[in-house]
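Following: one structure in C-alpha cells, then a few remarks.
Protein chains in written order, with my numbering: chain A, 604 to 983; chain B, 365 to 490.
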C-alpha cells in the first residue's frame, strides 16, 4: 500500500505512541484530582499545553484542549456568536472552509445570525479585498482557514486580520492543515482564535486545540455544560493520553519542522513534475501558494470514478475525507471554477513524514498507467 | 477497503479487462453510434460490424465510471454473432444485472443510446 492521504490523517508517530502508552499503562489519574497522582497528571497536561503553545508562538494558558479541530471550530463560532433579535452578529467566512466551519455557519444562519460567504478566486485563495467587501458594521467574527484541506493553498490570514483589527472584528482561523506543515506564529498572524488538530501531524485522532487569544477570551462562552475543566470553556475530563500525544507531536514538530517541510516539498514537487508532464494534467490551486504536503491535480479526459477505481494500492482522496463520504464532487474545487466532472477527476495527493521517494515513484507510475489506460479506452 | 472491493466482481472484471475495447479499422460494414451525458462527461462510442443482417464484431470507446465501462463491454460480448433484429438494450436490466446503484441509470441510458444509434446508423463506409 502506498499511502498518500496524510491530509486526511497521518500515522501516529512511534515516539508519540511510546509516550501515550506510558500514560495509558501507568499515568491514568484524572488531572482534576488533587491527590499526588492527579497532580502528576495535571503537570503532564501543563507540559503538553506548553508544547503546543511553543509551536504556535502562544502562551500555555491560551491553549484549550478539545476533541479535535471540528469541536474547536464549533466552539469558536457557537461560543462567540449568539444570534439575538436586536443584536445581529454577522459572520464572514469563505465557501472553501472545512465542513466543520461551514455547517456551523449554516446552523447559526438558520438561528438568525447573518452570514456572508466569500468565494475564492481561481488560484484557490480568498482575497483580502473580497473579505473586506463583505464586512458590515455588525460583523463580529471572520473565519478563514489558514491552509485549505483540499488544494493546500495558504490563505492570507494575516492580511485578513489586518483589515479586521481596526474595526474591532475578531478573527478565527482553522489551522488544522497548517500545524506541523508550516511555521505558525499567532502573534504574527494577529488572529484571535485558532483551531488545531493532532492527527494531521503525527499525533492521535480525538484531540485538538482551540487557541484563544486575549481579545477573544472575554467573549467566548462554552457550548457544553459540565465541570469547570479547561477554564470552564470545555467541560469534561481531560483525556490525558490524547493530550500528551498531541504535546509530543508538537514537541517533535518543533525540532524537525524545517526538515519536514523540505521533505514534504521535495516529494510533492517531484510528484507534480512527473504527473504534470502528462498531457491534460493541471494543478488545482496556485502552486506558489501551496502548503508543502498537499498537491491537487485535475486529470482531463478521464472519468473521476474510473480513475479512483484504477489506483489499486495507492491510497489517495478526491477531496476531503469528510466530503467523500457524501459521494459528491468537491465543493472546494467547484468554488475554484471546476465543473462537476473535472472536480471528480481530481486527486488530492498528500505526503507525510514517512513517505519515501520510492513511494512517490511508484505512485507516479500507478497514476500515469491508470490515466493512460482510461484515455486509451475513451473516445478520441 | 480496496477500490476493487467497492464493485461487484463481474463489474470489476469487465472494467479492468474491457474486452473488445478499441477503435476498429473502418472498413465496409462498420456502423458507428455515439452518445454522451455532459454533466458527468460520460461518452460512449460504439462500432458495429454488420454483414448479412448479423453483427460480426463490436468495438467501443468509452469514458465513464466502472459500471458504464462494464455495461458497454457486457453488451459488446453479448451482441457479437447475433442477428441485428434480435438485439436490444434494457437500461434497467443492465442496472440489475450489474448490481449497479439506481443513480447509474442515466449512464445506462447513454450506453443504450450509443448502441441504438450504431444499430440505426447508415453504413459509415458505404
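Ideal Cβ positions, reconstructed from N, Cα and C, are used throughout, including at glycine.
Reference residue i, options the options, closest by Cα
i	options	result
residue 444(B)	430(B), 413(B), 464(B)	413(B)
residue 799(A)	644(A), 668(A), 744(A)	668(A)
residue 981(A)	399(B), 469(B), 419(B), 459(B)	399(B)
residue 731(A)	974(A), 746(A), 740(A)	746(A)
residue 769(A)	654(A), 729(A), 947(A), 818(A)	818(A)
residue 384(B)	392(B), 483(B), 420(B)	420(B)
residue 469(B)	455(B), 439(B), 478(B), 433(B)	455(B)
residue 985(A)	640(A), 750(A), 790(A), 717(A)	What is shown of chain A runs 604 to 983, which leaves residue 985(A) out entirely.
residue 479(B)	388(B), 390(B), 422(B)	422(B)
residue 623(A)	951(A), 938(A), 964(A), 845(A)	845(A)
residue 957(A)	864(A), 626(A), 715(A), 685(A)	864(A)
residue 616(A)	975(A), 939(A), 853(A), 879(A)	853(A)
residue 592(A)	843(A), 953(A), 966(A), 751(A)	Any property of residue 592(A) remains undetermined from this structure, which presents chain A solely from 604 to 983.
residue 974(A)	880(A), 613(A), 657(A)	880(A)
residue 679(A)	804(A), 656(A), 711(A)	711(A)
residue 722(A)	713(A), 736(A), 715(A)	736(A)
residue 888(A)	841(A), 843(A), 938(A), 931(A)	938(A)
residue 959(A)	850(A), 649(A), 857(A), 871(A)	871(A)
residue 683(A)	620(A), 948(A), 825(A)	825(A)
residue 813(A)	829(A), 966(A), 836(A)	836(A)
residue 418(B)	390(B), 379(B), 453(B), 394(B)	394(B)
CB of residue i within 8 Å of CB of residue j, strictly
i	j	result
residue 874(A)	residue 898(A)	yes
residue 895(A)	residue 877(A)	no
residue 788(A)	residue 774(A)	no
residue 919(A)	residue 754(A)	no
residue 839(A)	residue 806(A)	no
residue 862(A)	residue 885(A)	no
residue 447(B)	residue 371(B)	no
residue 904(A)	residue 427(B)	yes
residue 720(A)	residue 696(A)	yes
residue 777(A)	residue 676(A)	yes
residue 757(A)	residue 892(A)	yes
residue 437(B)	residue 382(B)	yes
residue 761(A)	residue 791(A)	yes
residue 632(A)	residue 641(A)	yes
residue 915(A)	residue 613(A)	no
residue 856(A)	residue 804(A)	yes
Under the three-state DSSP convention, the category residue i falls into
i	result
residue 926(A)	Note on residue 926(A): pLDDT 46, under 50, position unreliable in the model; the coordinate value appears next. The answer is helix: DSSP assigns residue 926(A) an H, G or I state.
residue 485(B)	coil
residue 416(B)	coil
residue 895(A)	coil
residue 774(A)	strand
residue 832(A)	coil
residue 447(B)	strand
residue 411(B)	strand
residue 433(B)	helix
residue 753(A)	coil
residue 622(A)	helix
residue 918(A)	strand
residue 818(A)	coil
residue 736(A)	helix
residue 631(A)	coil
residue 471(B)	helix
Range of the contiguous beta strand (DSSP E) that encloses residue i
i	result
residue 696(A)	693-697
residue 813(A)	811-815
residue 666(A)	666-669
residue 797(A)	796-800
residue 879(A)	Run containing residue 879(A): none in the beta strand (DSSP E); it sits in the alpha helix (DSSP H), 843-879.
residue 398(B)	394-401
residue 823(A)	Counting along the chain, residue 823(A) falls outside any beta strand (DSSP E), and DSSP gives it neither H nor E.
residue 952(A)	949-953
residue 720(A)	718-721
Span of the alpha helix (DSSP H) around residue i
i	result
residue 963(A)	960-980
residue 683(A)	672-683
residue 658(A)	639-659
residue 886(A)	It is not in any alpha helix (DSSP H) - residue 886(A) instead sits in the beta strand (DSSP E) that spans 884-886.
residue 744(A)	Counting along the chain, residue 744(A) falls outside any alpha helix (DSSP H), though it belongs to the beta strand (DSSP E) covering 742-746.
residue 768(A)	Unbroken run through residue 768(A): none, as it is neither H nor E.
residue 712(A)	702-713
residue 460(B)	455-461
Any non-hydrogen atom of the ligand MN closer than 7 Å to residue i Cβ
i	result
residue 484(B)	For the structure depicted, the ligand MN is absent and the ligand set is empty, with no information on it obtainable.
Proximity test, Cβ basis, 8 Å: residue i and chain E
i	result
residue 429(B)	Chain labels in this structure do not include chain E; the protein chains are A and B.
**Asked** Do three or more CB pairs link the segment 453-465 of chain B to the segment 368-375 of chain B at distances below 8 Å?
**Response** yes
**Message:** Check whether the segment 901-913 of chain A and the segment 722-730 of chain A are in contact - that is, three or more C-beta pairs closer than 8 Å.
**Reply:** no
**Message:** Any contact between the segment 650-666 of chain A and the segment 677-695 of chain A? By contact I mean 3 or more CB pairs, one from each, below 8 Å.
**Reply:** no
**Prompt:** If you pair each beta-carbon of the segment 703-718 of chain A with each one of the segment 937-944 of chain A, do three or more pairs fall below 8 Å?
**Reply:** no
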